[in-house]
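Notes follow once the structure below has been shown.
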Amino acid sequence: MGESARRGLFGIALFVASLLTFAFLALPLVAIFVHVPPGDLVAQLSNPVVTDALIVSLKTNLIAQVFILVLGTPTAYLLATRRFRGRALLVTLVELPLVLPPAVAGIGLLAAFGRFGLLGGTLRGLGITIPFTQTAVVFAVAFVASPLYIRQAIAAFEAVDANLVAASRTLGVGPAGTFFRVVLPLASGGLLAGEALSFARGLGEFGATIMFAGSLQRVTQTLPLAIYAEFDVDFDVTLAISAVLIVISGALLLSLKLATSWQPSRLTSRSRSELLSWS
Amino acid sequence: MGESARRGLFGIALFVASLLTFAFLALPLVAIFVHVPPGDLVAQLSNPVVTDALIVSLKTNLIAQVFILVLGTPTAYLLATRRFRGRALLVTLVELPLVLPPAVAGIGLLAAFGRFGLLGGTLRGLGITIPFTQTAVVFAVAFVASPLYIRQAIAAFEAVDANLVAASRTLGVGPAGTFFRVVLPLASGGLLAGEALSFARGLGEFGATIMFAGSLQRVTQTLPLAIYAEFDVDFDVTLAISAVLIVISGALLLSLKLATSWQPSRLTSRSRSELLSWS
Amino acid sequence: GGAAARQAGADGTRARVTVYAAASLTDVFPTIDPTAKYSFAGSNTLAAQITQGAPADVFASANMTIPNQLNAKNLVSKPIVFTRNALVVVVPTSNPANVKTVYDLKKPGTKLVVAGPTVPVGAYTVQVLRNMALSSVLQNVVSRETDVREVLAKVALGEADAGFVYSTDARTVPGKVKVLRLPAWAQPKVQYGISIVSASQNKAAARAFVNRVLGRAGQKRMIAAGFLQRVKPKGK
Amino acid sequence: MAALSAHFTLPLRAFELELALAVESTVALVGPSGAGKTSVLRAIAGLVRPSSGRVALGDDVWFDAENGVSRPPEERRVGLVFQEYALFPHLSVRKNVAYAGGDRPDEYLERFRISHLADARPDELSGGERQRVALARALARNPDVLLLDEPFSALDAHTKSTVRAEVHELLGEFGLPTLIVTHDYEDASALAEEVGVIVDGKLRQLGTPQELVSRPSDEFVASFTGANLLRGSARREGDRLTRVELDTGESLFSTDVAEGVVGVVVYPWEVAVGRARVDDSALNVVSGEVGSVVEVGNRVRVRIGPLTAEVTASSAERLELARGGVAFATFKATGTRLVPLDGRGRPSATDP
Amino acid sequence: MAALSAHFTLPLRAFELELALAVESTVALVGPSGAGKTSVLRAIAGLVRPSSGRVALGDDVWFDAENGVSRPPEERRVGLVFQEYALFPHLSVRKNVAYAGGDRPDEYLERFRISHLADARPDELSGGERQRVALARALARNPDVLLLDEPFSALDAHTKSTVRAEVHELLGEFGLPTLIVTHDYEDASALAEEVGVIVDGKLRQLGTPQELVSRPSDEFVASFTGANLLRGSARREGDRLTRVELDTGESLFSTDVAEGVVGVVVYPWEVAVGRARVDDSALNVVSGEVGSVVEVGNRVRVRIGPLTAEVTASSAERLELARGGVAFATFKATGTRLVPLDGRGRPSATDP
Ligand SMILES: Nc1ncnc2c1ncn2[C@@H]1O[C@H](COP(=O)(O)OP(=O)(O)OP(=O)(O)O)[C@@H](O)[C@H]1O
Ligand SMILES: Nc1ncnc2c1ncn2[C@@H]1O[C@H](COP(=O)(O)OP(=O)(O)OP(=O)(O)O)[C@@H](O)[C@H]1O
Ligand SMILES: [Mg+2]
Ligand SMILES: [Mg+2]
């Protein structure tokens, strides 16, 4: 019958389109591993360029993430729980870095904290230089990676049933207590997911860092910058480093998946899946 | 009473942390506009470097987005509605580019589609070369920007009440019809949001493009590449271009906000906001 | 913030000098002073960063123009020529476009990669071609890279059919590229200038480094790496 | 036990909530969905801030618009049981009950017969169990007022009656001032001495269940208490009777006094059913097709034209109501009440 | 009209759904939340695939595990009304009803008296209106079978009875084989000729409402039909009576025959109430504190110890039940039934 025929077509269309997508996304990654014998992959981990970059990357990113967590969480909670004029604008502000070309972010950071930047004078007065130092890397990472965390955090906080918060309050527990005893535990899954995404994004930061922090080995040369630098020197090394990074990012993402797997309502998804098991 | 004191502290903490976040995120943007007199901003729009880059950026990004929509939407629907072994892996694959250093993406694309890449031979056989062409830019953008759309799309599709799909089916409408008449309209908000994010991210693409497509004015030099190129020539020009880009991204993001404003349950958030109007 | 900043400079202050050097010096400088911290990139990029307050102690540029400009702004000391170099054409060993001489670059469809016009090597490339009346070749350019090493990489990968680099760069990827020499008469005057950054916290170490480069040992290594005598030997 | 006194106005989306209440023992508010019931409790608990008015427990003022007093929820000693119970899903039953840190939670687990569930998570509980945990949690905070929001709406019909009895007994034990809101009149009359009917944020009538049944102030209260409602226009007839011309043309008599458009209120158990027309001036007769016939316990609710009548199973048998056909519903003029028709608050499902 | 026949097993999370049904006119399945009611409908509609069995309308086979037949939902002519109605929120009422493209939707709008809402969005409708739209939509697809999931659970108590009557009449008009699932026995008995009680995916008893009331197969069916249930151990006494030793020590007599642990089933309206003990060998007596006293219409449900009795308002007055104290509940040995206690499916809220 025509109906089932059309249904068949739809299923096939879905399938083909997905196949193309997966192929396109998988190929570049596969290609890298094809080029890199596992031996090299391990060998690279002792290449000083890689180790230095890895150390710089981890150090700067960890510091940046601490800031993101400590400052981003309250910000997200505020935006999730308060409705006030200009809120949409602030949310936009928080998300802007996500859609801003990293290079522009770098320029912006220079314009703000650089020698000729808005705060340049003030900072020089305090004997502080930020551009092209590790602080600059931290700034760049924090600026570019924070939106991913804050957005997820807002969503996670908004997902907490308002009645549970209300219940806690009527049970004599104030806003602070309620936040730590009810809101945080219930949002933790989402927060973790956001944090993982943000961390991964930060590890990959390139444009803003090269603009604002330059690329100085052992100081500001993070893994992505090292890749870019090595690219000119030895393509095989570059491939190997890339492979290392893919493995790291992939691991991060999978852990994220696990952290959030429980979130989508099981029943719905299950029954939906059954529902469509014909189409 | 101690309770209200603690409550006060909590509120203040929230407020201060948020203030710091907003300041840090706003400063770089403000700084750029401080440096750029509105006049320059307009003037830049007639600077051939900018106009050429703008054209290249728009052209390549529009093409890339078409591909993302046409292929990404079915993929997202598949991942949202089917549960099967290895699904988590595919989701990870789809999200990986989001957290991959763009430089690595570029390397990967070279390793896959470059002359000596996995498909190099095949492509040469077909007389197709991709590196250094606008196709390369499209590839880079599509690769880096697709995850943002696909993730949102999956979420949007999962948010569609399974019972509505079931209802449509029992009313005699097949999977295809159901998809176009029920699922798509209901998910449209989320899809639009994802598309806007993805488009913005694509516009900012830098690392992958410079690696895979190189940088040639009027051909492969997108706005971010132009910024980088101009950086060492004339910082003011760079600032002006940046300003242009910020405006574009900001506009995109705001449109996104409007597209999705209806999504969070109004009642919940409202009542929560009231609930916490003391804390 | 400041803490991290100072400490970042700090691991330098103990004689650890920070050197911003042209990409073409990537391989040789570490052999002259392995202890220094290097940032290799297009001289123009480095200049821009120094202008923006990058904490460099020494600036080694692939030309004299850029350091002189900085010197005019009192950002660096007067540059001293510390070596010279020559321009060559490199093609992948597979030589897909079958480029035998620089004149073959005129063949339409040849994928030529050069450095951006603000990058020293990019400027030199334009000069050479003008000297040889080959400016039309530039129509075959498929990408303007941000420094000489990017040019080399694209060729070494075989993605590009040919590229203009320094003879010293060509030697760093033996077996990957073939070198096509350019006639001496067409060569531009490729002089590298080194100077001390005025804002340096670390002038002593900076001077020490410059002397090392100019010293006999330093110069030996430069020449070993394929660079040319600081000053043209008065031709007989 | 200090009494709760609350009078305030609270602007809601569609209308303004406006009421004055004094709760000493147990009061129930009944109303349709969206009437503002939950909002009343939220306002008293301090979860929303009224635009004006005053809420106080005895002379302890919780909210006072004039003097700008507005205590946060945690500083009002209320025990609020939420419509869906709002148990903390990440905490065990014991931790839920102990949440407020009240003295010896285990005592409450005992008292509510949920000790055996102490370590279970809320999502492992049945509706009835959840309900008891919610109550235990609210009381363990030892509050001065108890607020119950639709305490039974989440229960199966067949567990409901049992639970309702339990709750009724517990309320007795604790003897706290209690305010219950529900959309089920039966629940309200089962638990409360005083029942208020609230529609679109306004209190239509407040009184004992008997009062509401015997003297419903308007058609809405009547329909809520389960009465039949027939529209018509009233005209005085003699000095003791009122004649009501129904829209259907038939006319009825009532001993109530009224003029103009009215609703005739008659309860199903006031209506007798027969197969033959009885002619008795003292009796109102409405004839019609026999519609649905529903057995409820040992009685049968039968729909005859616009009326629902309740007769014994045996007479239903005798009259063979099951086979349908025409039947006559009769009821005394004294058994009817006339209420004004303001056209508002009609149960929407019966709209034309 | 072809009849629907369905027998299948469907593994669910906690248990396996297993039942065999033949639906010719109207059948209702009653069961507690989580019993598998919705799953039954989903399986018949083709929204889930049973692991084994067969579903057919007349000789049109929809599902047959043996022959690997499994038609997708759109190829089974079912009209399914969802628990929460599942109206398309982005479509107007008319578009919802016209969705299936059935002939002249406006006719259905007329018929269900929702023409005036044709252009409204579902979220602007009241529960009762939504319900009618959902029905109209399902019927406009002119199906061969009608499946109703908790058709009234989303309605206010006071609109429910009206809507229920309407639905009953509509079902009559269309005369389709109809399967209704609900957790409310009263709804079931009101609408269906045959009622099945389903617990944990198993059909406990299937029969007319009268049968279920007069001969409940187990305690669960009994409690569902609103009976009192007293646990005890039975021993034959003479050849016509059975003596049941209650856990409380008191002992009752029943004309039913049973041995061992049993539940004594007695309906509230079989129980008389007095203030003084009556001694009559033919009468069972249970004494206890007077608990909750609930007025329902012109009758009063009063709880005495473990029993709920239903007496007239007048006698309640006479006995001053309201003031509590001890009372005696009496009922005939012939008025009791004995059911086996399998310990399963007890209404959880009454667990110890
Ligand atoms: N904080 C609020 N601000 C504005 N409007 C509100 C607020 N809370 C609820 N409303 C609206 O006020 C009306 C009453 O809501 P409320 O929940 O009090 O009704 P309800 O009687 O509890 O209904 P239900 O019986 O369905 O629970 C609804 O129309 C709702 O949309
Ligand atoms: N597709 C499914 N696969 C596995 N388990 C399921 C599925 N659908 C529901 N369940 C589980 O089977 C049981 C019965 O679910 P179902 O919705 O049929 O119960 P119900 O009788 O309709 O309950 P309610 O009266 O609350 O609607 C529940 O425990 C549910 O968690
Ligand atoms: Mg409510
Ligand atoms: Mg159900």
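Chains as they are written, first to last, in my numbering: chain Z, 184 to 462; chain C, 184 to 462; chain D, 5 to 240; chain H, 33 to 384; chain U, 33 to 384.
Here a beta-carbon is modelled for each residue, glycine too, at the ideal position from N, C-alpha and C.
Going by the C-beta, is residue i closer than 8 Å to any heavy atom of ligand 2?
i	result
Val229 (chain U)	no
Leu112 (chain U)	no
Leu44 (chain U)	yes
Val72 (chain U)	yes
Val348 (chain C)	no
Ala67 (chain U)	yes
Val80 (chain U)	yes
His215 (chain U)	yes
Rounded to whole angstroms, what's the CA-CA distance from residue i to residue j? Just pull it up for me.
i	j	result
Phe360 (chain U)	Ser346 (chain U)	17 Å
Leu180 (chain U)	Phe144 (chain U)	16 Å
Arg173 (chain U)	Pro105 (chain U)	13 Å
His148 (chain U)	Leu228 (chain C)	56 Å
Ala150 (chain U)	Arg86 (chain U)	39 Å
Tyr140 (chain U)	Leu112 (chain U)	16 Å
Ser329 (chain C)	Leu292 (chain C)	15 Å
Asp92 (chain H)	Glu269 (chain H)	55 Å
Asp188 (chain H)	Val332 (chain U)	22 Å
Ala209 (chain C)	Pro221 (chain C)	18 Å
Glu277 (chain H)	Leu261 (chain H)	13 Å
Asp232 (chain H)	Pro43 (chain H)	11 Å
Leu29 (chain D)	Leu428 (chain Z)	27 Å
Pro121 (chain D)	Leu436 (chain C)	36 Å
Ala412 (chain Z)	Val402 (chain Z)	14 Å
Ala339 (chain C)	Gly377 (chain C)	9 Å
At a cut-off of 8 Å, would you count residue i as near ligand 1, judging by its Cβ distance to the nearest heavy atom?
i	result
Ser351 (chain Z)	no
Gly233 (chain H)	yes
Pro154 (chain U)	no
Arg38 (chain H)	In the sequence on display, residue 38 (chain H) carries Ala and not Arg. No.
Pro64 (chain H)	yes
query: How would the residue list near ligand 4 read, in chain order, if you kept each one whose beta-carbon is closer than 7 Å to any heavy atom?
result: The set, ordered by position in the chain, is U:Lys69, U:Thr70, U:Gln115, U:Asp181, U:Glu182 and U:Val213.
message: Can you pull out the residues from the segment 222-256 of chain Z whose beta carbon lies closer than 7 Å to at least one beta carbon of chain D?
response: For the segment 222-256 of chain Z, no residue has a beta-carbon sitting nearer than 7 Å to a beta-carbon of chain D.
query: What residue ranges within the segment 210-276 of chain Z form continuous alpha helix (DSSP H) runs of no fewer than 4 residues, ordered along the chain?
result: Counting whole runs of 4 or more residues, the segment 210-276 of chain Z contains the alpha helix (DSSP H) stretches 221-227 and 231-264.
- prompt: If you measure beta-carbon to beta-carbon, which residues of the segment 186-201 of chain H are closer than 8 Å to chain U?
  reply: If the cut-off is 8 Å between Cβ atoms, the segment 186-201 of chain H has Leu187, Asp188, Ala189, His190, Thr191, Ser193, Thr194, Val195, Arg196, Ala197, Glu198, His200 and Glu201 near chain U.
query: Curious, which full-length alpha helix (DSSP H) runs of at least 4 residues does the segment 403-427 of chain C contain?
result: With a minimum length of 4 residues, the continuous alpha helix (DSSP H) runs that stay inside the segment 403-427 of chain C are 406-414.
task: Closer than 7 Å, Cβ to Cβ, to anything on chain H: give me those residues from the segment 199-220 of chain U, in chain order.
output: Taking 7 Å as the cut-off between beta carbons, the residues of the segment 199-220 of chain U near chain H are His200, Glu201, His215, Asp216, Tyr217 and Glu218, in sequence order.
4-residue-minimum alpha helix (DSSP H) runs that sit fully inside the segment 87-140 of chain U, ordered along the chain: Qualifying alpha helix (DSSP H) stretches, in chain order: 125-130.
- request: With 9 Å as the limit, tell me which residues of the segment 296-326 of chain C have their beta carbon closer than that to any beta carbon of chain Z; keep them in chain order.
  value: From the segment 296-326 of chain C, only Phe296, Gly297, Gly300, Leu301, Leu302, Phe322, Ala325 and Phe326 have a Cβ closer than 9 Å to chain Z.
message: Report the start-end ranges of each beta strand (DSSP E) in the segment 41-92 of chain U that is 3 residues or longer and not cut off at the edges.
response: You should have 48-55, 58-62 and 84-89.
query: If you measure beta-carbon to beta-carbon, which residues of the segment 303-328 of chain H are closer than 7 Å to chain U?
result: Of all residues in the segment 303-328 of chain H, Gly323, Ser324, Val326, Glu327 and Val328 have a Cβ within less than 7 Å of some Cβ in chain U.
- prompt: If you measure beta-carbon to beta-carbon, which residues of the segment 386-401 of chain C are closer than 8 Å to chain D?
  reply: Of all residues in the segment 386-401 of chain C, Ile393, Ala396, Gly397, Ser398, Leu399 and Gln400 have a Cβ within less than 8 Å of some Cβ in chain D.
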